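K.L.:
Quick one: structure below, then a few questions.
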Amino acid sequence: MKNYKTINLIREDEVLNIVFNRPEIHNAFDDIMIEELIDAIEIAEAGDSRLLTFKGGGESFCAGADLNWMKKMAGYDFNANLEDSRKLSKLIDKIYSFSKPTIALVHGAVIGGGNGIVASCDLVIAEEKSFFVLSEVKIGLVPAVISPYIIKRIGEFNARYLMLSGKKIDAFEAQKMGLVNIVAGQDEIEKVYKENVELFLRSAPGAVQICKKLIRDVVNSYAYEEASELTAKIIAEVRVSPEGQEGMSSFLEKRKPSWRKNK
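Sequential numbering of the sequence shown, starting at 966, is according to my numbering.
Spelled out as structure tokens, the structure:
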């Protein structure tokens, strides 16, 4: 497994964990961490793991942008800042468009851009003492790069409330808004996480990848009429595929499909 300065990659059977490894600053990211995350996600995309999880080492999930990095960026001109912002945009889009299931396992602080990582994952499981804040406006900035994913996740008016006020919310309020899917106590979060990993791994891997792309395409790219024709073609293709045939045969024969292994 490749070694990085700011993150760790840990393989657990069919799951690849990306663990943020800057605990001394609550896993705040800088340009190096962004580049390493992009590289790790590209490795995961090309590899044979079936699920990607994001976790934070230490006391927090991710405290947004590293203040020292922000100070340095403040001295850059517009073009340098634009290029730097594009890298963060690339990272969040890599997570959002990742072809396999993604889980954010959250604890502690999720500040600023850390919410972009959370919002772009398929499933967010948060420890009940976690908190979330889009604090950019408090220092004269805006959460511009992550805004498409935040708005997509929690809707326009929840986004207006959090992005304009900079209010800190707890895990339960984040769940009500849709930023978090599941809230669990500290003593049960690992169990809840493993149960959901198992749920994803029971699904046919090819079908999951097609389904993720289908959702993105329907939501982002097509009018209703186009989506109707697209979805009809996709299900026809999947039904006659080897995986689709295996899935239907195993169901009718009351046996586990080939992708389940011993699960």
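Don't be surprised by glycine CBs; every beta carbon is placed ideally from N, CA and C.
Keep in mind it's a predicted model, so treat the numbers as computed, not measured.
Would you decide whether V1184 is buried or exposed? Buried here means 16 or more other CB atoms lie within 10 Å of its CB.
P.N.:
Residue mapping note: residue 1184 aligns to position 219 of the sequence shown, counting from 1. Using a 10 angstroms sphere on the CB of V1184, the tally of other CB atoms stays under 16, which defines it as exposed.
K.L.:
Counting only the same chain and skipping the five closest in sequence on each side, list residues whose C-beta sits under 6 Å from that of K1133.
P.N.:
Taking the sequence shown and counting its residues from 1, the one referred to as residue 1133 is at position 168. Excluding residues within five positions, the ones whose Cβ falls inside 6 Å are F1096 and V1098.
K.L.:
Near T1067, which residues of its chain fall below 8 Å by C-beta distance, leaving aside the five closest residues on each side in sequence?
P.N.:
Sequence index remark: in the sequence shown, residue 1067 carries index 102 (1-based). The answer, listed in chain order, is L1016, L1017, T1018, F1019, I1060, S1085, C1086, D1087 and L1088.
K.L.:
Measuring straight from C-alpha to C-alpha, what distance separates G1021 and A1074?
P.N.:
Position 56 of the sequence shown, counting from 1, holds the residue named residue 1021. Position 109 of the sequence shown, counting from 1, holds the residue named residue 1074. Computed Cα separation, rounded: 10 Å.
K.L.:
By DSSP, does L1179 sit in helix, in strand, or in coil?
P.N.:
Along the sequence shown, read from residue 1 onward, the residue named residue 1179 stands at position 214. Note: L1179 maps to helix in three-state DSSP.
K.L.:
Residues in its own chain within less than 8 Å of L981 by CB, not counting five upstream and five downstream?
P.N.:
If you number the sequence shown from 1, residue 981 lands on position 16. L974, I975, A1009, G1012, S1014, L1016, L1017 and T1018, listed in sequence order.
K.L.:
Do M1142 and N1123 come within 9 Å of each other at the CB atom, strictly closer than that value?
P.N.:
Here the question's residue 1123 lines up with position 158 in the sequence shown. Here the question's residue 1142 lines up with position 177 in the sequence shown. Their beta carbons are under 9 Å apart, which means N1123 touches M1142 by this criterion.
K.L.:
Count the other CB atoms, across all protein chains shown, that sit within 10 Å of the CB of R1167; report buried if there are 16 or more and exposed otherwise.
P.N.:
The count along the sequence shown starts at 1 and reaches residue 1167 at position 202. R1167 should be labelled exposed.
K.L.:
Are L1181 and S1054 closer than 9 Å when you measure CB to CB?
P.N.:
Against the sequence shown, residue 1181 aligns to sequence position 216. Against the sequence shown, residue 1054 aligns to sequence position 89. Per the sequence presented here, residue 1181 reads as Arg, with Leu not at that position. No, the Cβ-Cβ distance between R1181 and S1054 is not below 9 Å.
K.L.:
Does the beta-carbon distance from A1028 to I990 come in below 9 Å?
P.N.:
Taking the sequence shown and counting its residues from 1, one reaches residue 1028 at position 63. Taking the sequence shown and counting its residues from 1, one reaches residue 990 at position 25. Contact: yes.
K.L.:
Measure the C-alpha to C-alpha separation of D1152 and L1070 and round it to an integer number of angstroms.
P.N.:
Residue mapping note: residue 1152 aligns to position 187 of the sequence shown, counting from 1. Residue mapping note: residue 1070 aligns to position 105 of the sequence shown, counting from 1. Straight-line Cα distance between these residues: approximately 14 Å.
K.L.:
Taking the alpha carbon of E1175 as the point to measure from, which residue in E1218, K1221 and K1065 has its own alpha carbon closest?
P.N.:
Sequence index remark: in the sequence shown, residue 1175 carries index 210 (1-based). In the sequence on display, residue 1175 carries Ile and not Glu. Nearest option by C-alpha distance: K1065.
K.L.:
Hey, quick one: how far does the beta strand (DSSP E) through D1135 stretch, first residue to last?
P.N.:
The residue given as residue 1135 occupies position 170 in the sequence shown. Residues K1133 to D1135.
K.L.:
The alpha helix (DSSP H) that contains I1003, what's its start and end?
P.N.:
Residue numbering aside, residue 1003 sits at position 38 when the sequence shown is read from its first letter. Taken as a continuous stretch (DSSP letters only), the alpha helix (DSSP H) holding I1003 covers D996 to A1011.
K.L.:
Would you kindly report the start and end of the unbroken beta strand (DSSP E) that includes R976?
P.N.:
Working through the sequence shown from its first residue, we reach residue 976 at position 11. Run containing R976: I972 to E977, per the beta strand (DSSP E) assignment.
K.L.:
Since L1070 sits in a beta bridge, which residues does DSSP pair it with?
P.N.:
Taking the sequence shown and counting its residues from 1, the one referred to as residue 1070 is at position 105. DSSP lists K1020 and I1090 as partners of L1070.
K.L.:
Per DSSP, which residues does V1148 bridge with? Please list them.
P.N.:
Position 183 of the sequence shown, counting from 1, holds the residue named residue 1148. Its beta-bridge partners are A1091.
K.L.:
Quick one: measure Cβ to Cβ for K1052 and I1115, integer angstroms, because I've assumed they're closer than 8 Å.
P.N.:
In the sequence shown, residue 1052 corresponds to position 87, counting from 1. In the sequence shown, residue 1115 corresponds to position 150, counting from 1. No, K1052 and I1115 are not in contact; Cβ-Cβ is about 19 Å, not under 8 Å.
K.L.:
If we call anything under 9 Å between Cβ atoms a contact, is I1090 one with I1147?
P.N.:
As a working note, residue 1090 is residue 125 in the sequence shown. As a working note, residue 1147 is residue 182 in the sequence shown. Contact flag set, yes.
K.L.:
Using only alpha-carbon positions, find the residue among L1144, F1137, E1007 and P1108 that is nearest to L1129.
P.N.:
The residue labelled residue 1129 in the question sits at position 164 within the sequence shown. For L1129, the nearest C-alpha among the options comes from P1108.
K.L.:
If you run the structure through DSSP and keep just helix, strand and coil, what is I1154?
P.N.:
For this step, residue 1154 is matched to residue 189 along the sequence shown. Residue state, collapsed to three classes: helix.
K.L.:
Measure from the alpha carbon of S1025 to the alpha carbon of each residue in F985, G1040, I1111 and R1220, then state which is nearest.
P.N.:
Along the sequence shown, read from residue 1 onward, the residue named residue 1025 stands at position 60. It is F985 whose Cα lies nearest to the Cα of S1025.
K.L.:
Give the DSSP-derived three-state secondary structure of A1172 in the structure shown.
P.N.:
Residue numbering aside, residue 1172 sits at position 207 when the sequence shown is read from its first letter. Three-state DSSP puts A1172 in a helix.
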